[in-house]
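Undergrad: Handing you a structure now.
Protein chains: 2
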Amino acid sequence: MKIQVVKNVLNANDRIADENRALFDANKLFVMNLMSSPGAGKTSLVERTIAALKDRYRIGVIEGDIQDTCDADRVAALGIPVVQINTGGGCHLDANMIREALGGLDLDHMDLLIVENVGNLVCPAEFKVGEDIKVMLLSTPEGADKPSKYPLIFQKSAAMLLNKIDLLPYLDFDKDKALHDAKALNKDITVFEVSCRTGQGLEQWFDWLKERIDRRGR
Amino acid sequence: MKIQVVKNVLNANDRIADENRALFDANKLFVMNLMSSPGAGKTSLVERTIAALKDRYRIGVIEGDIQDTCDADRVAALGIPVVQINTGGGCHLDANMIREALGGLDLDHMDLLIVENVGNLVCPAEFKVGEDIKVMLLSTPEGADKPSKYPLIFQKSAAMLLNKIDLLPYLDFDKDKALHDAKALNKDITVFEVSCRTGQGLEQWFDWLKERIDRRGR
Chain H
32 MKIQVVKNVL NANDRIADEN RALFDANKLF VMNLMSSPGA GKTSLVERTI AALKDRYRIG
92 VIEGDIQDTC DADRVAALGI PVVQINTGGG CHLDANMIRE ALGGLDLDHM DLLIVENVGN
152 LVCPAEFKVG EDIKVMLLST PEGADKPSKY PLIFQKSAAM LLNKIDLLPY LDFDKDKALH
212 DAKALNKDIT VFEVSCRTGQ GLEQWFDWLK ERIDRRGR
Chain R
32 MKIQVVKNVL NANDRIADEN RALFDANKLF VMNLMSSPGA GKTSLVERTI AALKDRYRIG
92 VIEGDIQDTC DADRVAALGI PVVQINTGGG CHLDANMIRE ALGGLDLDHM DLLIVENVGN
152 LVCPAEFKVG EDIKVMLLST PEGADKPSKY PLIFQKSAAM LLNKIDLLPY LDFDKDKALH
212 DAKALNKDIT VFEVSCRTGQ GLEQWFDWLK ERIDRRGR
């Protein structure tokens, strides 16, 4: 019975996601759905990515949070159009929330839309919003057991940024195990070892993302 | 419409939680529901707490995970009875899952039951399971903005363990802000600054917990 309800919810979500997708296609817009645990560094990555790519692309951001606008404030401070979705307790963004938020953005004059999901390693991975790619962060303090414990998000993500790599000397983090287990779940996942605090490793991420946005723009 | 469904789910959950509560009362069992983001240190805290209290109390553990048994394996290695709940994708434990798990434990010969929830800073706080207290961990690498972004879990918790305090020298973590904002949400929350890796600060936590278990046992 419970599973039936969940299926209906997900089916209904997928229909709206497909409509969002058609709208993104019509505007040749590349959409990235960014997911991670709370505090893994999503907003820091968004800030770094905007700084690196804003001269090349027109960027917009949708910020998903339970409440408050502190992430959106950080993005707006960079002069980037941003729409805040407050889920009011909900633990993920769904396609309908994104559809509502799109009304606040000028899609026709945008190349890259970054959707920063609610901090949660579970449910966001279940709800597609019409994105081109899902991207996840795993931060080193979270531990190397996360792929085996939260497999879906690793399976669904095109790229994984292993963030806070600068903290490795101070942690008991088995990087080889984390990367091995992530690849075992998703052999196609592209991994970047980065620090959004120091900037380490981010150039490769920018290059990878640029290639995908350019391909989309053709 | 959506809110109506959620209300029904929560009402149904609360009824079962009350039944669990009656069972715990009948057995004079103290039950702690432990919650945090993924990788904040729940299982490490469970291990430390068992090591410190197992000569004084008879302890049991329920481990909640999406899949796998690696946390339960860690607890079982300490010689403590443990039941694993695999939610199969679900992002929190609910009262009915706990009721099912109780069949695997000898409640009549137990003083403390630790329920380790699924790693998630959002949904676990919404579902009571019949516990005496909710306890949360916030780990320093997650950042000081967590209280303002995930308020419910701070509001519902009797205690907050600020874990990974040993990493403070390597982080941009505004501890004063985090503690101020947590207290603003819940003036009664008791805060412990700890490191489950080094053991720092845990004695105060053990004393606090012992006092509550002893009071319960009367």
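Residue numbers (this note's numbering), protein chains in the order written: chain H, 32 to 249; chain R, 32 to 249.
For each residue, glycine too, the CB sits at the ideal point set by N, CA and C.
1. Measuring CB to CB, does residue 205 of chain H end up less than 7 Å from residue 175 of chain H?
2. Using a Cβ-Cβ cut-off of less than 8 Å, list which residues of the stretch 176-198 of chain H approach chain R; keep chain order.
3. Are there 16 or more other CB atoms within 10 angstroms of the CB of residue 172 of chain R, so buried, or fewer, so exposed?
4. Who are residue 145 of chain H's beta bridge partners in DSSP?
5. According to DSSP, residue 224 of chain H sits in a beta bridge with which residue or residues?
6. Among H:219, H:166, H:140 and H:68, which has the Cα closest to the Cα of residue 146 of chain H?
7. Which same chain residues, not among the five before or five after residue 61 of chain R, have their C-beta less than 6 Å away from its C-beta?
8. Using Cβ-Cβ distances below 9 Å, what residues of the stretch 85-111 of chain R are close to chain H?
9. How would you label residue 134 of chain H, buried or exposed, when you count the other beta carbons within 10 angstroms and need 16 or more for buried?
10. Just the C-alpha distance for residue 33 of chain H and residue 229 of chain H, rounded to the nearest angstrom, thanks.
11. Could you tell me whether the stretch 44-64 of chain R touches the stretch 124-132 of chain R, where touching means 3 or more Cβ pairs closer than 8 Å?
12. Verify whether the separation of the beta carbon atoms of residue 131 of chain R and residue 115 of chain R is less than 7 Å.
13. Establish whether the CB of residue 174 of chain H and some CB of chain R are separated by less than 7 Å.
14. Are there 16 or more other CB atoms within 10 angstroms of the CB of residue 102 of chain R, so buried, or fewer, so exposed?
15. Just to confirm my understanding: we take residue 268 of chain R, look at its own chain, exclude 5 residues before and 5 after, and list those with CB closer than 8 Å. What are they?
16. Could you pull the start and end residues of the alpha helix (DSSP H) that residue 151 of chain H belongs to?
17. Strictly below 7 Å CB to CB, what residues from chain H border residue 160 of chain R?
18. Leaving out five residues on either side along the sequence, give the residues of the same chain with a beta carbon under 8 Å from the beta carbon of residue 35 of chain H.
19. Under the DSSP definition of a beta bridge, which residues are partnered with residue 113 of chain H?
20. Nearer than 6 Å: is that true of the beta carbon of residue 128 of chain R relative to any heavy atom of the ligand NAP?
21. Based on DSSP bridge pairs, tell me the residues matched to residue 164 of chain H.
22. Name, please, each residue of chain R whose Cβ falls closer than 8 Å to the Cβ of residue 230 of chain H.
23. What are the boundary residues of the alpha helix (DSSP H) that residue 243 of chain H is part of?
24. Would a check of beta-carbon distances place residue 119 of chain H closer than 7 Å to chain R?
25. Helix, strand or coil for residue 169 of chain R, going by three-state DSSP, please let me know.
26. Going by other Cβ atoms of all chains shown within 10 Å of its Cβ, with 16 needed for buried, is residue 194 of chain R buried or exposed?
27. Determine the extent of the alpha helix (DSSP H) in which residue 101 of chain R is found, giving its start and end residues.
28. Run through DSSP, which three-state label would residue 211 of chain R get?
29. Between residue 184 of chain H and residue 152 of chain H, which are expected to be in contact by the criterion C-beta below 8 Å, what is the C-beta distance as a whole number of angstroms?
30. At the 7 Å Cβ level, is residue 69 of chain H part of the contact set with chain R, yes or no?
31. Taking all protein chains shown into account, decide if residue 137 of chain H is buried (16 or more other Cβ within 10 angstroms of its Cβ) or exposed.
32. Let me know the secondary structure DSSP gives residue 71 of chain H once reduced to three states.
33. So, residue 140 of chain R versus residue 87 of chain R, is the Cβ gap smaller than 7 Å?
34. Using CA atoms only, rank isn't needed, just tell me which of R:223, R:148 and R:77 is closest to residue 121 of chain R.
35. Give a yes or no on whether the minimum CB-CB distance between residue 122 of chain R and chain H is below 7 Å.
36. Taking Cβ to Cβ, would you say residue 83 of chain H is nearer than 7 Å to residue 223 of chain H?
TA: To lay it out plainly:
1. yes
2. 176, 177, 179, 180, 181, 182, 183, 195, 197 and 198
3. buried
4. H:63 and H:92
5. H:193
6. H:166
7. 143, 163, 244 and 247
8. 96, 97, 98, 99, 101 and 102
9. exposed
10. Note that residue 33 of chain H scores 43 on pLDDT, short of 50, meaning its location in the model is unreliable and no value can be drawn from it.
11. yes
12. no
13. yes
14. buried
15. This structure gives no information on residue 268 of chain R, because the portion of chain R shown stretches from 32 to 249.
16. Unbroken run through residue 151 of chain H: none, as it is neither H nor E.
17. Correct list: empty, because the minimum Cβ distance to chain H is about 17 Å.
18. With a pLDDT of 46 at residue 35 of chain H, under the threshold of 50, the predicted position of this residue should be treated as unreliable, and no value is reported.
19. H:92
20. Inclusion of the ligand NAP in the displayed structure is not the case, the ligand content being empty and no account of it being possible.
21. H:63
22. Per Cβ cutoff of 8 Å: no residues; residue 230 of chain H is ~14 Å from chain R at best.
23. 233-248
24. no
25. strand
26. buried
27. 101-107
28. helix
29. 6 Å
30. yes
31. exposed
32. coil
33. no
34. R:148
35. yes
36. no
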